[in-house]
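Residue numbers (the numbering used here): 1 to 687.
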């Protein structure tokens, strides 16, 4: 079994050094604006170079995060970040955006790519798709249980990285749009404002923080993690202090070394009313929720002071092999070599005959073992000593220092990757503009009307509704029906889903709406006509091109794009926009309503924020919940401005059949203005 990697956050130079000096095997960091923690200190050009030398010397890997959505006009800036990655010899780049993946293949073809957790890979199909795209590692969703992780490890030939410590987002990573809609700060662009940590009440006796989860730790589950066969243990926290990073890395290093981790220190360094292991154990519920309490802060202040004194102490990362040769009439020679094949030799004066005590192997060892304050430990010592000679201890110490200095200089050398400076391709544009066609998505079959069937070229219906009510559908509608599978599918449900989809396909359903990369893989394998959902996060032209190559017939673009950015998209794939309905802002595995069990679940609830705004919560077959904006998005009165794409989705949630027909008339006939609606982000500027 391969060695388990401890992967630590490096949100600043200080945090990077804290991670490395505490025993991390690898660090992940941001450079420039295209990383999922843009508010961390991150690194400038000089710091990047300094970090590279520091990590290379100590054998610590560097993973650069380019794990945000990138707009078309930002690609030249992205190129400079990739150039810096090549020059500094990073060990891998984390990616969310398939358009970024395409450019990395061109500009940095030698650098391994890791699929960020922002890609929401949470099952075997998703991991297989990443592996087929050429990713060497997949960062799995935090929401997966141990058994679900094991299935990916056993069935997909790709490295796996899992979160083992730190903050838990309420929403599946890459699928949260709450921060965007509330404050134009996108989590998919590295600027999440963490609205889930603010007060939200369900009115059902909760503590007023219905979206705030406790922090995760699996430091006491190391043996289970080893048995799972994952490759990397990831610690969250690029926005946190160096002392927190040190405590977390030290805890996991202790655990991997078979020592008892200091749980009290870990909890005091940062926690939210303690820790949770709920997702890993497959035990969801109210016990997973928590907030940062005053007592947590007080405990943290005391521990952080203690930890600050330990930050500069070096961890012994590299085993050194010494060969000490002392022969009569020859210069004393010390050779130092490391596991990577680096080798240096230094010499001292010709030894003299000993008057009293000659130099022995024991005396040489005492000198060579003095490695405190360095990142080396003595792996082996070979001595070739003629009898009766002496080499003073001071001279041996000087030889050791010189050898390690030269060896460290060799180890610090950066081996750059090839950077291929190809131009960003010009994107094909639409030759003519026209009014987009209409499509509809319903929550229930009862919302399908004659007018919908007449005006909409495609009608998307949830899988369970089609299974229950297929006989009620008019035969002439069958060609227009697209099945909407569950938005997220974990573990055993994935195998069952395949059977369910094939049963519908046998009844004549040929279209499928895919909301994540794993569903794209499954639908393609089953032979469906695939329509991409907004949750695929298509935010640039090259991403659209990549999804076309994955077999999509068409796709909705991200609703985080504004009007101007949508107009400028290349025409690689027929594409549309989310034009009406309550925007899905979160998808969560844990229910934010927090009822005690699901026995009496009504599959519906409402959250209210501190300003009195309401958000609808819908549970899907007790598998996951979605949180929707309280006001519907509406564009019909501005429809003459929207003609640069192919189709528009009208998304019906709780509307009656009469309300459905009224909305369809608004987009096809009357184009009237309405009150109590939102324009979403289409006329705003997401950062």
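Virtual Cβ for every residue (Gly too), placed ideally from N, Cα, C.
Model, not experiment: these values are computed from the prediction.
Is residue i helix, strand or coil by DSSP?
i, result
"residue 125", "helix"
"residue 384", "strand"
"residue 116", "coil"
"residue 547", "helix"
"residue 81", "helix"
"residue 243", "helix"
"residue 89", "coil"
"residue 250", "helix"
"residue 390", "strand"
"residue 6", "strand"
"residue 509", "coil"
"residue 28", "strand"
"residue 136", "coil"
"residue 528", "coil"
"residue 338", "coil"
"residue 581", "strand"
"residue 13", "helix"
"residue 54", "helix"
"residue 234", "strand"
"residue 519", "helix"
So, under 8 Å CB-CB, residue i and residue j are touching, yes? Tell me the CB distance rounded to an integer number of Å.
i, j, result
"residue 661", "residue 451", "5 Å"
"residue 21", "residue 315", "5 Å"
"residue 649", "residue 679", "The Cβ separation is near 16 Å, so there is no contact."
"residue 238", "residue 23", "In fact, because the Cβ distance is near 18 Å, the residues do not count as touching under 8 Å."
"residue 485", "residue 501", "7 Å"
"residue 498", "residue 522", "7 Å"
"residue 177", "residue 585", "5 Å"
"residue 576", "residue 646", "6 Å"
Between the options, which has its C-alpha nearest residue i's C-alpha?
i, options, result
"residue 142", "129, 167, 126", "167"
"residue 86", "105, 97, 99", "105"
"residue 241", "380, 232, 311, 349", "311"
"residue 614", "627, 603, 620, 623", "627"
"residue 5", "253, 401, 668", "253"
"residue 545", "551, 684, 528, 572", "572"
"residue 60", "28, 492, 356", "28"
"residue 446", "474, 438, 12, 427", "474"
"residue 18", "309, 98, 265", "309"
"residue 147", "79, 52, 225, 524", "225"
"residue 425", "162, 79, 292", "79"
"residue 607", "145, 100, 198", "198"
"residue 12", "3, 34, 401, 47", "47"
"residue 669", "219, 438, 112, 681", "438"
"residue 200", "163, 553, 616", "616"
"residue 165", "9, 98, 317, 157", "9"
"residue 211", "286, 145, 268, 220", "286"
"residue 269", "243, 257, 578, 552", "243"
"residue 525", "532, 541, 550", "550"
"residue 370", "162, 44, 186, 400", "400"
"residue 16", "421, 131, 42, 667", "42"
"residue 26", "32, 65, 44", "65"
"residue 774", "351, 341, 422", "This structure leaves residue 774 out entirely; the chain is present only between 1 and 687."
"residue 604", "612, 625, 611", "625"
"residue 35", "567, 58, 187", "187"
So within the region 402-487, which uninterrupted beta strand (DSSP E) runs reach at least 3 residues, ignoring any that extend past its ends?
437-441, 456-462, 481-484
On the three-pair Cβ rule with 8 Å, is the region 57-71 touching the region 507-518?
no
Count the CB pairs spanning the region 138-145 and the region 179-196 that are closer than 8 Å, and state whether there are at least three.
no
Whether or not the region 142-153 and the region 546-563 are in contact is what I'm after, with contact meaning three or more pairs of Cβ atoms, one per stretch, closer than 8 Å; do they touch?
no
Give the list of continuous alpha helix (DSSP H) stretches no shorter than 4 residues that lie fully inside the region 263-326.
263-269, 278-281, 294-308
Which runs of the alpha helix (DSSP H) at least 4 residues long sit entirely within the region 342-378? Give them in chain order.
361-368
Can you find at least 3 beta carbon pairs, one from the region 72-91 and one from the region 511-518, that sit closer than 8 Å?
no
Could you pull out every unbroken alpha helix (DSSP H) segment of at least 4 residues lying fully inside the region 146-212, listed in chain order?
146-155, 178-183
When you compare the region 324-340 with the region 399-415, are there three or more beta-carbon pairs, one atom per stretch, that lie closer than 8 Å?
yes
Whether or not the region 82-101 and the region 121-129 are in contact is what I'm after, with contact meaning three or more pairs of Cβ atoms, one per stretch, closer than 8 Å; do they touch?
no
Counting Cβ pairs closer than 8 Å, one from the region 161-181 and one from the region 108-123, do we hit at least three?
yes
Do the region 380-389 and the region 409-424 touch if we need at least three Cβ pairs shorter than 8 Å?
no
With three or more C-beta pairs closer than 8 Å as the rule, is the region 361-369 touching the region 341-349?
no
Which whole runs of the alpha helix (DSSP H) in the region 599-686 are 4 residues long or more, in chain order?
657-665
Does the region 270-289 touch the region 213-227, meaning 3 or more C-beta pairs lie closer than 8 Å?
yes
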